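What follows is a set of notes on a single structure, which appears directly below.
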Amino acid sequence: MKEMNYDIAVCGGGVAGVAAALASARRGMKTVLIEKTILPGGLATSGLVLVYLPLCNKRGTQMIYGISEELLLISNKYGPCDLDPDWKKNGRYVVDFSPGSLVLAMDELLEEAGVEIWLDSIITDCEVENDRLTGISVFNKSGTVKVKAKTFVDATGDADLLFLAGKPCNYSENSMVLWTIEHNEHAKSGHDFDDCSHLAIHADPLANPYTCENLSGWMVSDFVLEGRRRYRNLLKKEAAEGISNRKTHYPLTLQTQPPIRKGRCIQGLFTMDTGMESQSFEDSVGVLGDWRSEKVWQIPYRSLLPRDLKGVIAAGRCISAIGDAWEATRVIPVAAMTGEVAGIAATLAVRKDATPHELPYPELAEELRKTGILLEYPC
Ligand SMILES: Cc1cc2nc3c(=O)[nH]c(=O)nc-3n(C[C@H](O)[C@H](O)[C@H](O)COP(=O)(O)OP(=O)(O)OC[C@H]3O[C@@H](n4cnc5c(N)ncnc54)[C@H](O)[C@@H]3O)c2cc1C
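Residue numbers for the sequence shown follow our numbering, so the first one is 2 and each next one is one higher.
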């Protein structure tokens, strides 16, 4: 089997993986980003999520900076919305974007940073020696390739590396949802680019309760097919009732990522949980304002470090968080922030010939502060 070697292998090219790859490549690491689809951005782009939730708390105080802010600011580079110089919307730092526009801008950033990008490449297996991840198998049109790296970042959204390594993970239930970009002459979604293109976002088709738990290959297929079945039924119902017809309301594009918010996450050295808002941790790597409420949260470094596997650090919606904490941390701005933290921690670990678990926290904190990441709650 062909073998390729890197300093850092970032697994999964959602916003977390993109941020991690940018952070490590910009620090001179030989970085590969491995993504199973052909688009960077994951749920944010292929999942048509297109709302960059706030970088600030409910009072409008910015809490997230760094690459997360950079991605937000370039999200409309290729159109169509304008960001005001003071781009707060309804008092919060939040932006709508065209998924295609963000893809083009992220491609550009990754290329400029010198990240080696593997698209259409799926990670299928992990090699573990003495509880340390040492290699992964990647399948693409060239067959199966072994990727060796000094450190891996699990940014697969569902902790695939930990799962493939046979380590225990946390799971959550998911409620039915389907987002489409559609032509709908009778509806307005309220999203910024409606004015330009008559697009509408359709969520929760025929919103009957449907939840599923225990992420599996079969569950994903059932979940996605049920969402599209409901959407078909909605279109048929509207036509039967004379509300719209196939000329006035039809899909333009559908999600190509399963709309699973919280599938599977790592079991970390520390697990964030309900009720831990406002807590301070001695190993904080960032703060965030809860997108739903006035709550604020700190993220401890230990929640990015798997309890049972070294040589790997988690980023994005698969860090170790359950309950309310998972809900607060799983969104785009926070996923990008933990991605950047993971990329920086991986880099510092590689420079010391250590694992992210062995990295002294003060060294990480110093580098995070230098990049402008807030570690303490703002006053
Ligand atoms: C329906 C829905 C609505 C949402 N609404 C919002 C919203 O309005 N605003 C907001 O901020 N957030 C929202 N979110 C949450 C947010 O979109 C995601 O949680 C966030 O984008 C996660 O980023 P990520 O990089 O951690 O994971 P993902 O976006 O899941 O990225 C993981 C990437 O890894 C790749 N991958 C997975 N497994 C493998 C493998 N084995 N090999 C190679 N590649 C692999 C995937 O293809 C994907 O590109 C929503 C989520 C859902 C499901």
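Ideal Cβ positions, reconstructed from N, Cα and C, are used throughout, including at glycine. Bear in mind that the values here come from a model prediction, so they are computed numbers and not experimental data.
In terms of residues, what are the limits of the beta strand (DSSP E) holding residue i?
| i | result |
| --- | --- |
| V154 | G144 to D155 |
| D309 | That residue, D309, is in no beta strand (DSSP E); it is neither H nor E in DSSP. |
| I118 | E117 to W119 |
| V297 | V297 to P301 |
| I267 | R265 to I267 |
| L289 | S285 to G290 |
| Y79 | No beta strand (DSSP E) holds Y79; DSSP gives it neither H nor E. |
| C170 | C170 to Y172 |
| Y251 | H250 to L255 |
Does the beta-carbon of residue i, which I'm using as the reference point, lie nearer than 6 Å to any heavy atom of ligand 1?
| i | result |
| --- | --- |
| D108 | no |
| E36 | yes |
| G158 | yes |
| D325 | no |
| V178 | yes |
| V16 | yes |
| V52 | yes |
| P55 | no |
| G218 | no |
| G67 | no |
| I320 | no |
| R93 | no |
| D161 | yes |
| G317 | yes |
| R231 | no |
| I137 | no |
| G101 | no |
| L84 | no |
| G43 | yes |
| P260 | yes |
| G276 | no |
| V154 | no |
| G13 | yes |
| R331 | yes |
| I75 | no |
| I118 | no |
| I244 | no |
| I123 | yes |
Whole angstroms are fine: how far does the CA of residue j sit from the CA of residue i?
| i | j | result |
| --- | --- | --- |
| L270 | S304 | 6 Å |
| A346 | A156 | 14 Å |
| S294 | R233 | 34 Å |
| R370 | E186 | 48 Å |
| V11 | I35 | 6 Å |
| H184 | P252 | 6 Å |
| T249 | L235 | 14 Å |
| F224 | P259 | 8 Å |
| N131 | P334 | 35 Å |
| A326 | E70 | 21 Å |
| N141 | L120 | 8 Å |
| A21 | T339 | 8 Å |
| G373 | Y66 | 6 Å |
| V286 | E242 | 53 Å |
| G13 | K37 | 7 Å |
| Q268 | L365 | 21 Å |
| E377 | P307 | 23 Å |
| D108 | I68 | 14 Å |
| L134 | K89 | 42 Å |
| M30 | L23 | 10 Å |
| T46 | G228 | 18 Å |
| L103 | E112 | 14 Å |
| S138 | P41 | 20 Å |
| T181 | I261 | 15 Å |
Return the first residue and the last residue of the alpha helix (DSSP H) that residue i is part of.
| i | result |
| --- | --- |
| N234 | G218 to A241 |
| A322 | Here A322 belongs to no alpha helix (DSSP H), and DSSP marks it neither H nor E. |
| I68 | G67 to I75 |
Secondary structure at residue i, three-state DSSP: helix, strand or coil?
| i | result |
| --- | --- |
| F98 | coil |
| L365 | helix |
| P334 | helix |
| P357 | helix |
| E130 | strand |
| E109 | helix |
| W327 | helix |
| H125 | The sequence given here places Thr at residue 125; His does not occur at that position. Three-state DSSP puts T125 in a strand. |
| F164 | helix |
| Y7 | strand |
| I182 | strand |
| K90 | strand |
| G158 | coil |
| T135 | strand |
| S176 | strand |
| E377 | coil |
Problem - Contained beta strand (DSSP E) runs [length at least 3] in the segment 23-55, N- to C-terminal order - result: 32-35
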